[in-house]
Each structure stands twice: as C-alpha cells, then as structure tokens.
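> Dumping the structure here so I can ask a few things about it.
There are 2 protein chains.
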Amino acid sequence: MAKQKVSPVSVDGAGFLTHVAYDSVVFGFSEGQLKILLMEYHNTGLIALPGGFIRTDEDLDEAVRLGLEDRTGITNIYLEQFHTFGNKSRHKPEILQKILEANGIHAPKEHWMLQRFISVAYYALVDISTVSLQPDALSDSCTWYEINRLPKLILDHATVIEKALKTLRFNLDNKIKDSNLLPEKFTMKDLQKVYEAILGEELRRTSFQRKMLAGRILKRHDKLYSGEAHKAPFIYSFHK
Amino acid sequence: MAKQKVSPVSVDGAGFLTHVAYDSVVFGFSEGQLKILLMEYHNTGLIALPGGFIRTDEDLDEAVRLGLEDRTGITNIYLEQFHTFGNKSRHKPEILQKILEANGIHAPKEHWMLQRFISVAYYALVDISTVSLQPDALSDSCTWYEINRLPKLILDHATVIEKALKTLRFNLDNKIKDSNLLPEKFTMKDLQKVYEAILGEELRRTSFQRKMLAGRILKRHDKLYSGEAHKAPFIYSFHK
DNA sequence: CCAAAAGTGTTTTAGCTACACCCATGA
DNA sequence: TCATGGGTGTAGCTAAAACACTTTTGG
Numbered sequence: 001m002a003k004q005k006v007s008p009v010s011v012d013g014a015g016f017l018t019h020v021a022y023d024s025v026v027f028g029f030s031e032g033q034l035k036i037l038l039m040e041y042h043n044t045g046l047i048a049l050p051g052g053f054i055r056t057d058e059d060l061d062e063a064v065r066l067g068l069e070d071r072t073g074i075t076n077i078y079l080e081q082f083h084t085f086g087n088k089s090r091h092k093p094e095i096l097q098k099i100l101e102a103n104g105i106h107a108p109k110e111h112w113m114l115q116r117f118i119s120v121a122y123y124a125l126v127d128i129s130t131v132s133l134q135p136d137a138l139s140d141s142c143t144w145y146e147i148n149r150l151p152k153l154i155l156d157h158a159t160v161i162e163k164a165l166k167t168l169r170f171n172l173d174n175k176i177k178d179s180n181l182l183p184e185k186f187t188m189k190d191l192q193k194v195y196e197a198i199l200g201e202e203l204r205r206t207s208f209q210r211k212m213l214a215g216r217i218l219k220r221h222d223k224l225y226s227g228e229a230h231k232a233p234f235i236y237s238f239h240k
Numbered sequence: 241m242a243k244q245k246v247s248p249v250s251v252d253g254a255g256f257l258t259h260v261a262y263d264s265v266v267f268g269f270s271e272g273q274l275k276i277l278l279m280e281y282h283n284t285g286l287i288a289l290p291g292g293f294i295r296t297d298e299d300l301d302e303a304v305r306l307g308l309e310d311r312t313g314i315t316n317i318y319l320e321q322f323h324t325f326g327n328k329s330r331h332k333p334e335i336l337q338k339i340l341e342a343n344g345i346h347a348p349k350e351h352w353m354l355q356r357f358i359s360v361a362y363y364a365l366v367d368i369s370t371v372s373l374q375p376d377a378l379s380d381s382c383t384w385y386e387i388n389r390l391p392k393l394i395l396d397h398a399t400v401i402e403k404a405l406k407t408l409r410f411n412l413d414n415k416i417k418d419s420n421l422l423p424e425k426f427t428m429k430d431l432q433k434v435y436e437a438i439l440g441e442e443l444r445r446t447s448f449q450r451k452m453l454a455g456r457i458l459k460r461h462d463k464l465y466s467g468e469a470h471k472a473p474f475i476y477s478f479h480k
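So the protein lines, in turn, are chains S and H. Using my numbering, the letters of the first sequence map in sequence onto residues 1 to 240. Using my numbering, the letters of the second sequence map in sequence onto residues 241 to 480.
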C-alpha cells in the first residue's frame with residue numbers, strides 16, 4: 001500500500017476513492033531467478049508491495065498501470081488482476097501511521113489513509129533489463145528480491161504474493177506470450193529457465209521444446225553463435 | 241447493487257465502506273435450465289444483480305455471504321470471487337438516484353450511495369429447490385431467470401454475468417463437487433444435464449460417464465428404481 | 001576427434017472419442 | 001419378449017512424455 005503521490009494530503013481523501021487501494025506483484029526474471037519488486041519505507045524498516053490509491057477520475061486498471069509506470073519507467077506493462085483482499089483483519093492503522101510519522105506527516109485518527117481498505121491485487125510480468133526503478137515519495141528503496149529469499153513483509157503481503165504466484169503458475173501457458181519477462185528475442189533454453197523459475201521445478205529439455213513448438217506461439221529466427229563449442233541454438237520471438 | 245438493509249441511511253455512509261460494493265451472480269439449476277437470480281426495484285422497471293455494501297466491521301467475504309443468506313435462506317453457499325470491476329464509466333448516479341427516489345428517499349448529490357463504486361463480483365452455485373427467495377427493502381421481486389432469456393440489466397451487469405459464466409465454465413471440473421447445484425444425491429444423467437446447461441452444449445453420454453468416474457469425485461450408492469421400463473441408474477453423491 | 005549442447009525420430013503412455021454390445025427394467 | 005435407457009468393453013485417435021539418437025560447434 002505504498003503510494004506514489006501523497007504531497008497534498010487531505011484528511012477526508014478528496015480526489016481519491018477512499019477505502020480502496022491496489023497492490024501489485026511485479027514479477028521479473030534475471031540471472032536465472034524469478035524476482036519480485038518490493039519497496040522499503042523511509043526510516044521504518046517496513047517492506048511492502050508497491051501499491052497505491054485510485055483517483056476519482058481514473059479507471060481502476062488505469063490507476064494501477066500509471067502507478068507502475070511511475071516506478072518502473074515501462075509503458076505497456078502486462079498486467080492482470082487476480083484477487084481482491086477484503087478481510088477486516090487487514091486493517092492495521094498503526095502501520096500506516098508509523099509510515100506517515102516517519103515522513104513527518106502527523107495524521108489524525110480519522111485520516112482516510114488510516115481507515116480500512118479493500119485492496120485489489122494485480123500481477124505484472126516485466127523485463128528487468130528495461131526497468132529503471134524509481135522509489136516513491138514515502139520510500140527510500142525499490143528493489144528486486146529473489147522469490148525464495150523474500151524479507152518479512154507488512155500486513156498480508158506474503159499471502160498476496162503466494163496467491164499471485166499460484167495464479168501465474170496456473171495460467172502460465174496462456175500468459176507467457178504476452179508477458180515481458182524475456183527480451184524480444186531469446187533461445188529455447190532461456191524460455192525454459194523462465195518456466196522452471198516460475199514453476200519451481202526442473203523440466204525435461206526435449207519435452208519442453210516440443211510442447212512449445214506445438215503451441216504455435218514461437219517464431220523461429222537465425223541461429224545464435226555464442227562462440228562456444230556446441231551446436232548453435234535457434235533464436236525465437238513470440239508471434240505478433 | 242441492491243442492498244439488503246438501508247433503513248438508517250446516513251449521507252456520509254457511516255458504518256459502511258464507502259466506494260466499495262459487491263455484486264453476486266447466483267447460479268441455480270432446475271427444469272434442465274441454468275438460471276440466475278435477479279432483482280427488480282420498486283416502481284422503476286430496473287433489473288439488477290443482487291448486491292450490497294460492506295459494513296466496517298465485516299470481512300468482504302462475510303458481507304457477501306450474509307447478503308445472500310438473507311435473500312435465499314441458504315447457509316453454506318458455495319461462493320467464489322471472480323473479478324473486481326472498477327471502470328469510472330460504471331458510475332451512473334442517476335440510476336441509483338432513481339431507485340432511491342422511487343422509494344421515497346431524496347438523497348443529496350453528495351450522498352455516499354450516489355458516489356462512484358468499485359464492485360467486487362462473486363458467483364454462487366445453489367440448489368434452487370432449497371431456496372426461498374426474499375426480496376430486500378428496495379426491491380419488489382427476486383426471481384430466477386433462464387440464462388439465455390435474461391432481461392435488460394442496469395449498468396454493466398450483463399458483462400458481469402458474462403464473465404461469471406466464462407469463469408464457471410473454465411473451472412467447472414474443479415468446482416462442481418463443492419457446488420450446491422444438485423441435491424445431495426443424483427444420477428449421472430442429472431449431472432450431465434448440469435454440465436450441458438453450463439457449457440451450453442450437448443455431451444456424449446458414455447464419454448461423460450467415463451470422465452466423471454475417472455475423476456474420483458463420485459461416490460456410488462444404490463440404484464434408483466423410478467418405475468420406468470429400463471435399467472435403473474446408480475445414485476451418486478460427491479465424495480466428502 | 002572430442003565434449004557439450006541442440007535438435008529430432010521413435011516408442012510408450014494416457015486420456016478421450018466413437019462405436020458396439022450387453023444388461024436391467026416394467027409393460 | 002420388447003422397447004428403453006444404463007453400464008461397460010474395445011478399438012482408434014491425439015497429445016504428451018520418455019528415451020535414444022544424430023547434428024553442430026570450437027578446441
């Protein structure tokens with residue numbers, strides 16, 4: 001529930017849809033590892049998913065997209081809503097209070113940011129190499145963390161990530177071609193590494209190759225001569 | 241966006257999470273037809289999905305469950321959240337105004353119910369035969385409609401139903417055993433009829449039977465002697 | 001020529017379909 | 001014994017997995 005633009009903070013939340021927030025689980029892939037983007041708030045040690053609020057004149061999807069564009073510099077991010085979290089036990093005003101205090105903002109109890117939120121969660125699939133991270137006003141870092149070395153997170157953000165990953169695994173075959181996890185051109189081995197990182201298991205090389213080729217989503221280009229002493233692999237891109 | 245308890249309507253929405261609502265697509269099955277529960281508002285001719293608001297002391301899931309229990313009398317409803325709709329184009333205050341007016345409530349422009357809502361949508365699978373419908377305070381009917389004979393609906397409710405049905409079709413094999421679409425005990429033919437109504441296509445009898453038996457979700461009981469001149473079918477129930 | 005990694009041919013397996021046939025039932 | 005509908009055996013198809021083999025590459 002980090003937010004990107006809090007400078008003019010009104011107590012009643014004018015201009016924003018109160019009680020509604022979004023959180024985004026941004027997946028990236030580099031060095032053979034699946035990674036997630038997390039933010040750390042100034043002077044608090046608190047780490048959270050990047051998120052924000054919805055302005056009264058924005059579509060929900062649009063708000064999420066713009067919030068992410070601000071932080072990653074990427075336009076055209078692959079984004080998908082996967083769940084809305086609305087348990088009342090998520091309401092921990094002392095945490096948000098602490099974050100605001102650490103930034104010199106003394107919010108009264110009735111401040112809209114201290115009230116209970118329903119949070120709509122999205123996941124994104126981005127190419128880490130094209131991202132230049134921009135912490136927001138309340139945070140001093142915005143960093144990639146390996147999926148299996150996550151730090152302690154505020155609220156139920158660990159659960160949110162868990163569910164995002166589950167959804168991603170379930171839909172991977174359908175989503176991979178629209179994702180931005182890999183650069184435009186890649187080898188079959190690159191693609192297999194992405195699958196293995198996401199599914200958390202090793203796959204048979206030959207079965208994987210055949211399954212992918214049967215899917216008709218790959219376009220084959222020239223071979224890649226790496227200078228190494230073995231057959232050169234084909235380069236692929238996703239169709240259209 | 242019907243609501244179940246509006247008697248004490250405060251302008252600022254105290255006690256409710258403003259800007260958040262839920263809509264529920266309740267599927268039922270009878271007479272070989274898939275049906276959906278819809279409500280008609282007093283003196284307006286407006287027809288909508290049953291829905292409501294979330295109280296500040298309720299979980300989101302709990303609010304939806306209780307709202308449905310009020311209307312159908314069923315406890316233990318199978319409920320699943322499938323999408324959250326948040327386009328700003330959904331905001332049509334004149335419709336809600338009309339509904340309130342028709343009930344003698346003259347709400348000022350800044351009334352919370354006339355503001356923009358994010359709506360969390362759920363679908364439910366219930367056994368029509370155990371339901372006794374209860375219209376809420378703003379509605380004069382609460383009726384089952386055949387899925388392919390739906391009336392014109394307010395806002396984007398037709399889209400919501402479309403998406404609910406798509407989700408249900410996609411997950412049917414996984415959800416059927418927890419659904420309440422059929423009474424506890426049923427024949428293979430009954431089950432096939434449910435599948436056909438949901439998928440909107442006819443299925444081969446023998447293939448269907450084998451697929452279901454292979455799924456290990458059915459427990460076989462005695463035979464059902466209907467008094468008709470043919471082999472008596474087995475009775476089944478879902479495991480656990 | 002060798003080792004490493006890529007690509008492909010062949011066999012096996014599993015699930016589903018289609019068709020056939022037999023069985024139980026009450027008139 | 002007949003018509004009706006339910007259950008299951010068998011053969012065929014297709015997609016995926018498993019295994020083996022060949023090819024390409026630079027040292």
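All C-beta atoms, glycine included, are put in the ideal place defined by N, C-alpha and C.
Beta carbon of residue 190 (chain S), beta carbon of residue 78 (chain S): below 8 Å?
No, the Cβ-Cβ distance between residue 190 (chain S) and residue 78 (chain S) is not below 8 Å.
> Could you check how far apart the C-beta atoms of residue 23 (chain S) and residue 121 (chain S) are, in whole angstroms? I think they sit under 8 Å.
About 5 Å separates the two Cβ atoms, so the contact holds.
> Just to confirm, is the Cβ distance from residue 41 (chain S) to residue 153 (chain S) under 8 Å?
Not in contact: residue 41 (chain S) and residue 153 (chain S) (Cβ atoms no closer than 8 Å).
> Taking only beta-carbon atoms, is residue 86 (chain S) less than 8 Å away from chain H?
Yes, its Cβ sits closer than 8 Å to a Cβ of chain H.
> Considering only the alpha carbon of each residue, which of S:218, S:166, S:198, S:67 lies closest to residue 181 (chain S)?
Out of S:218, S:166, S:198, S:67, S:198 has the C-alpha closest to the C-alpha of residue 181 (chain S).
> Beta-carbon separation of residue 36 (chain S) and residue 145 (chain S) under 8 Å?
For residue 36 (chain S) and residue 145 (chain S), yes; Cβs fall inside 8 Å.
> Does residue 412 (chain H) get closer than 8 Å to chain S when you measure Cβ to Cβ?
Residue 412 (chain H) does not count as touching chain S.
> If we cut at 8 Å on Cβ distances, does residue 59 (chain S) have a partner in chain H?
Cβ-Cβ to chain H under 8 Å: yes for residue 59 (chain S).
> Fully enclosed by the stretch 85 to 153 of chain S, which beta strand (DSSP E) runs are 3 residues long or longer?
Listed in chain order, the complete beta strand (DSSP E) runs (minimum 3 residues) inside the stretch 85 to 153 of chain S are 118 to 126, 139 to 146.
> Give me the Cα-Cα distance between residue 225 (chain S) and residue 451 (chain H), rounded to the nearest whole angstrom.
Spanning the two alpha carbons is a distance of roughly 49 Å.
> Please report the straight-line C-alpha distance between residue 248 (chain H) and residue 335 (chain H), rounded to a whole angstrom.
The predicted model places residue 248 (chain H) with a pLDDT of 44, which falls under 50 and marks its position as unreliable, so this point remains unresolved.
> Just confirm the distance between the C-beta atoms of residue 270 (chain H) and residue 368 (chain H), as a whole number of angstroms; I'd bet it's less than 8 Å.
The pair is a contact, with the Cβ atoms about 4 Å apart (cut-off 8 Å).
> If you drop the 5 nearest sequence neighbours on each side, which residues of the same chain put their C-beta closer than 7 Å to that of residue 55 (chain S)?
Excluding positions up to five away in sequence, the list reads 15, 16, 63.
> From the DSSP output, in three-state form, read off residue 424 (chain H) for me.
Residue 424 (chain H): coil per DSSP, three-state reduction.
> If we count the other Cβ atoms within 10 Å of its Cβ and call it buried at 16 or more, is residue 81 (chain S) buried or exposed?
Buried, since its Cβ has 16 or more Cβ neighbours within 10 Å.
> Looking at the structure shown, is residue 259 (chain H) part of a helix, part of a strand, or coil, going by DSSP?
Residue 259 (chain H): strand per DSSP, three-state reduction.
> From residue 339 (chain H) to residue 53 (chain S), what does the alpha carbon distance come to, in whole angstroms?
The straight-line gap from Cα to Cα measures roughly 29 Å.
> Can the beta-carbon of residue 395 (chain H) be found less than 8 Å from the beta-carbon of residue 311 (chain H)?
No, the Cβ-Cβ distance between residue 395 (chain H) and residue 311 (chain H) is not below 8 Å.
> Quick check: residue 25 (chain S) and residue 49 (chain S), are their CB atoms within less than 8 Å of each other?
In this structure, residue 49 (chain S) lies closer than 8 Å to residue 25 (chain S) by Cβ.
> Exposed or buried, what is residue 324 (chain H) when buried is set at 16 or more other beta-carbons lying within 10 Å of its beta-carbon?
So residue 324 (chain H) counts as buried.
> Does any C-beta atom of chain H lie closer than 8 Å to the C-beta of residue 83 (chain S)?
Yes - at least one Cβ of chain H is within 8 Å of the one on residue 83 (chain S).
> Just the Cα atoms here: how many angstroms apart are residue 112 (chain S) and residue 18 (chain S)?
Each residue's Cα considered, the two are about 6 Å apart.
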